[in-house]
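Heads up: the sequence lines are chains H and U, in that order. The numbering used here puts the first residue of the first sequence at 1, with every later residue one more than the last. The numbering used here puts the first residue of the second sequence at 1001, with every later residue one more than the last. Step one of this worksheet: look at the structure below.
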Amino acid sequence: MSKLFVARNPRVAARSLDGEMMLMSARDSTLFTLNKTATIIWQSADGNTPLDEIVHTRICAEFEVEPTEALHDAETLARELASHDILQLSEEPIPQTGGSR
Amino acid sequence: MSSLTAEIDRLSLVIEIGGMPVRIHTTDPDFLEMLQARYTGFVRDSEHPEIEFDVELDKPGFNGGDAPVEVHLRHGRWSLQRGDFLAEWEPAYRHGWIRQTANPYSIDAVLRIVHSLVLAREGGFLLHSASAIRNGRAFLFAGVSGAGKTTISRLVPPDATLLTDEISYVCRRNDGYFAHGTPFTGELARLGENVSAPIAALYLLAQGPENRIDPVSPADAARSLLANILFFAEDEPLVQAVFQSAFEFVSRVPVARLTFMPDSRVWELIR
């Protein structure tokens, strides 16, 4: 089974307030508010860490969730965010040119 | 030559919103007359407009369908289009053109877009909210359609001045934020007064069984503000600017939830 790598789109406006992460797509100005697990994925999306590793080391370690279900949910979320150009997805590591927020 | 100059002068007018004069040129006297009536209170004598637009009127029947608004910047030139208009604007030359039929709605949309772009660069924004001045301070009332913007505007007491029942004009200045009156109307169809005042508070509207003001968290404030900002451009730097401006605004301006019954007593809370 191939790995899925995720990277933040450096063109996305992002800001955390009171522990709540808000993102705005530069493409269509759509506003997203991330829950805790989505925020972890966003913050961990460095382009080099596979999504399954993020789920295993960050999400399953912090929340009582079943790993297979957590990975499925994480992939669904990642693909939805990617459809809005919030995240980039690849089966290869993704070089990062912009800084993280 | 002087008669030619006089003729051209007669076929233009300056619409000043938020202190920014925009001159509109047209060759159609009926269209000019319609604009003068539509923007009463916002038509100014100004020799130095910030932007000039030439309006090219299409014959009635021109309609590009229900295409949504698209706003792009290419090579220093903004392209604005919707089903009912096409427009371009080059900020460096302070000049642009608009192609539409002789109706007031298309040029109104162009003006909203242009002002939103100018404000975005200056830390301000257009907000889907009613606003009014009372005791020298401006109050904003934000909410989606049905939240009560029209109702609270209709209940404005005699000692308050309505700035708009639909779209507020928020300017950033060194010492804070100011709200200006706009001619952008909603259901009330009543133009705002062309005046401004420092913003004292932003209220997020909700209708309920009593009048009360409740605090909201900074995150709720920012989220609600962002959801009500009007911004149309697909332009990364400006989206980033508007996004950061919203957080700056909620860090400086009190934001609260205003629950109200539809009668004038709600204004006893707003002073």
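Here a beta-carbon is modelled for each residue, glycine too, at the ideal position from N, C-alpha and C.
Residues of the segment 1213 to 1226 of chain U with a Cβ closer than 7 Å to any Cβ of chain H, in chain order: S1217, P1218, A1219, A1222, R1223, L1226. For T1027/U and W1097/U, the gap between their C-alpha atoms comes out near 13 Å.
Only buried fits S29/H, as 16 or more other CB atoms lie within 10 angstroms of its CB.
Closer than 8 Å to the CB of Q1081/U there is not a single CB belonging to chain H. In the DSSP annotation of this structure, H84/H is not part of any alpha helix (DSSP H), being labelled neither H nor E. In the pairwise beta carbon analysis, the segment 18 to 33 of chain H is classified as not touching the segment 68 to 78 of chain H: fewer than three pairs are separated by under 8 Å.
Residues of chain H whose Cβ lies closer than 7 Å to the Cβ of V1239/U are, in chain order, A13, M24, A26, S29.
Residues of chain H whose Cβ lies closer than 9 Å to the Cβ of E1070/U do not exist, since the nearest Cβ in that chain is about 11 Å away. Legend: CB atoms of the segment 1161 to 1188 of chain U lying less than 9 Å from CB atoms of chain H are not found in any residue. The beta carbon of L17/H falls within 8 Å of a beta carbon belonging to chain U, placing the residue at that interface.
Under the three-state reduction of DSSP output, H1095/U falls in the strand class. Here the alpha carbon of R1094/U sits roughly 18 Å from the alpha carbon of D1045/U. Distance from M1020/U to E1050/U at the Cβ level is roughly 5 Å; contact confirmed, criterion being Cβ atoms closer than 8 Å.
Straight across, the Cα-Cα distance linking I1270/U with A45/H is about 46 Å. DSSP places L1119/U outside any beta strand (DSSP E); the residue lies instead in the alpha helix (DSSP H), whose first and last residues are 1104 to 1121.
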